[in-house]
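Down below is the structure, laid out as structure tokens.
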Amino acid sequence: MSVKTTTALDRRGLSDDQLRRLFANMLLQRQLDNRGFQLNRQGKVPFALGSEGHEALQAGAALAFERGKDVLAPYYRDLGLCLGVGLTPYEIMLSIFARAGDHNGGRQFPNHYSSKSLGILSFSSILAAHIPHAVGAAYVIAYRGEVGRAVLCTCGDGTTSEGEWHESVNFASIHRLPVVFLVENNLWAISTPLSKQMAQPEIWKRAAGYGMPGKRFNGFDPIETYACVKEALDRARSGGGPTLLEGMCYRFLAHSTDDNDMTYRTKEEVVERRKNDPVQRFEALLIEGGVMTRDDATAMKQEVLAQTNDATDRAEAMPFPQAHDLYANVYEGAWEPWQ
Ligand SMILES: Cc1ncc(C[n+]2csc(CCOP(=O)(O)OP(=O)(O)O)c2C)c(N)n1
Ligand SMILES: [Mg+2]
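For the sequence shown, the positions run 18 to 356 when our numbering is used.
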């Protein structure tokens, strides 16, 4: 199962500006990804998680999301998706550095994105625990009779083995809820390959069993991703019910800074997959298609590096949370269980 290579620019109605924004998002995601790993190796942060290989999928999906209307229920690998819907590099860095100014007070695991104002649901490290939450949010939209709003709920391929995933997809279909289930299939669940996760490896085909439309697309192509996610979100927003989407991609880095992927996959496999690197491919397509010049691309990379450096320095300089407010936002009235 390989991810297709895109050979010519098919812009599907996107303007030059939108195409450049897609690319800028992909660059920023990769830069911040690398920064997290660097900070970990410098001993400055305890943990970081990579999303290299998911850039095109997440930038494309984010472009289809309507800020101020839609709700996003992401998972830990959705750095680019969360940047794309409005989280800033500074907010990302506050979370990685576990500083008090973070949305979760510096007390959530890193890469557990959330923002009330942007409509990003906070989530749990327990795989698939956020899928019923996403369906609950979609139920609220339907219950209130709101049109023009939908929930975009993402997860990895391995997560679709969890019972909550199946129960949630089934419930959403029965009630024709406005939700899109987007599976980011990177072929691995830490060390477990897809073949040990499911005997029928085409996740999108499960849609038929639940009575909803399903589609698989090339997640290395941000434009194809945008078109598929937009079509599904539009259907959900207009009362057409849920869709199951499967975006094919690959995880280039280890699962996290705590993982050594060379214990379960070969360097050759990763090198082979990197030949289709979605960031480099999209850059080449935009240059060939006359959307930007090589100099534009260089300038964008410099800008992204400057943004990342600025976010890193500002977040690192911020204070940690204080021990005395450990239970703030946990119990009503900041009740402290030891008192
Ligand atoms: C219920 C549960 N089981 C196991 C884990 C440990 N775990 C964390 S991430 C992960 C892999 C998930 O893989 P996938 O859904 O494919 O997402 P990916 O990390 O590949 O993007 C596992 C097994 C967990 N967090 N929760
Ligand atoms: Mg996976």
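Note that the Cβ used here is the ideal one computed from N, Cα and C, for glycine as well.
Would you say residue i touches ligand 2, meaning its beta carbon is less than 6 Å from a heavy atom?
{"i": "Ala145", "result": "no"}
{"i": "Ala78", "result": "no"}
{"i": "Trp352", "result": "no"}
{"i": "Gly53", "result": "no"}
With H, G and I counted as helix, E and B as strand and the rest as coil, what does DSSP make of residue i?
{"i": "Pro210", "result": "strand"}
{"i": "Ser68", "result": "coil"}
{"i": "Phe140", "result": "coil"}
{"i": "Thr1", "result": "The structure shown does not extend to residue 1, since the chain spans only 18 to 356, so no value can be given for it."}
{"i": "Glu241", "result": "helix"}
{"i": "Trp355", "result": "coil"}
{"i": "Val152", "result": "helix"}
{"i": "Leu74", "result": "helix"}
{"i": "Ala90", "result": "strand"}
{"i": "Phe40", "result": "helix"}
{"i": "Pro336", "result": "coil"}
{"i": "His183", "result": "helix"}
{"i": "Lys284", "result": "helix"}
{"i": "Met18", "result": "Because Met18 sits at a pLDDT of 49, beneath the cut-off of 50, its placement in the model cannot be relied upon, and the following sentence gives the value as read from the coordinates. Three-state DSSP puts Met18 in coil, outside helix and strand."}
{"i": "Ser32", "result": "coil"}
Taking the alpha-carbon of residue i as reference, which of the options has the nearest alpha-carbon?
{"i": "Val287", "options": "His272, Ala301, Glu300, Phe299", "result": "His272"}
{"i": "Pro210", "options": "Asp275, Leu138, Arg268", "result": "Arg268"}
{"i": "Glu333", "options": "Leu26, Gly60, Gln35, Arg28", "result": "Gly60"}
{"i": "Phe140", "options": "Cys266, Leu262, Val157, His120", "result": "His120"}
{"i": "Phe337", "options": "Val168, Ala323, Gln125", "result": "Gln125"}
{"i": "Leu322", "options": "Met43, Asp27, Ala25", "result": "Met43"}
{"i": "Glu108", "options": "Thr315, Tyr130, Gly136", "result": "Tyr130"}
{"i": "Gly257", "options": "Ser190, Asn202, Ala224, Thr283", "result": "Ser190"}
{"i": "Ser132", "options": "Cys99, Gly173, Gly123, Ala159", "result": "Cys99"}
{"i": "Pro362", "options": "Val164, Gln339, Arg223, Val296", "result": "Residue 362 lies beyond the stretch modelled for the chain, which goes from 18 to 356, so this question has no answer here."}
{"i": "Lys213", "options": "Thr177, Arg254, Ala225", "result": "Thr177"}
With DSSP as the reference, please indicate the residues paired to residue i in a beta bridge.
{"i": "Ser132", "result": "Ile137"}
{"i": "Asn202", "result": "Met265"}
{"i": "Gly231", "result": "Leu261"}
{"i": "Ser273", "result": "Leu66"}
{"i": "Val196", "result": "Val168"}
Would you say the beta carbon of residue i comes nearer than 6 Å to a heavy atom of ligand 1?
{"i": "Ala206", "result": "yes"}
{"i": "Ser142", "result": "yes"}
{"i": "Asp278", "result": "no"}
{"i": "Thr171", "result": "no"}
{"i": "Arg331", "result": "no"}
{"i": "Asp174", "result": "yes"}
{"i": "Asn128", "result": "no"}
{"i": "Arg94", "result": "yes"}
Query raised in the report: Between the stretch 246–256 and the stretch 69–84, do at least 3 Cβ pairs fall closer than 8 Å?
Result: Yes, the stretch 246–256 is in contact with the stretch 69–84.
Report task. Please confirm if the stretch 295–307 is in contact with the stretch 84–94, defined as three or more CB-CB distances below 8 Å between the two stretches. Result -> Segments in contact, no.
Requested in this report: State whether the stretch 303–315 contacts the stretch 108–122, with contact taken as three or more CB pairs (one from each stretch) at a distance under 8 Å.
Outcome: The stretch 303–315, when compared against the stretch 108–122, does not touch it at the 8 Å Cβ threshold.
Query raised in the report: Given 8 Å as the limit, is there contact between the stretch 141–159 and the stretch 190–204, that is, 3 or more CB pairs closer than that?
Result: The answer is yes - the stretch 190–204 touches the stretch 141–159, with three or more Cβ pairs under 8 Å.
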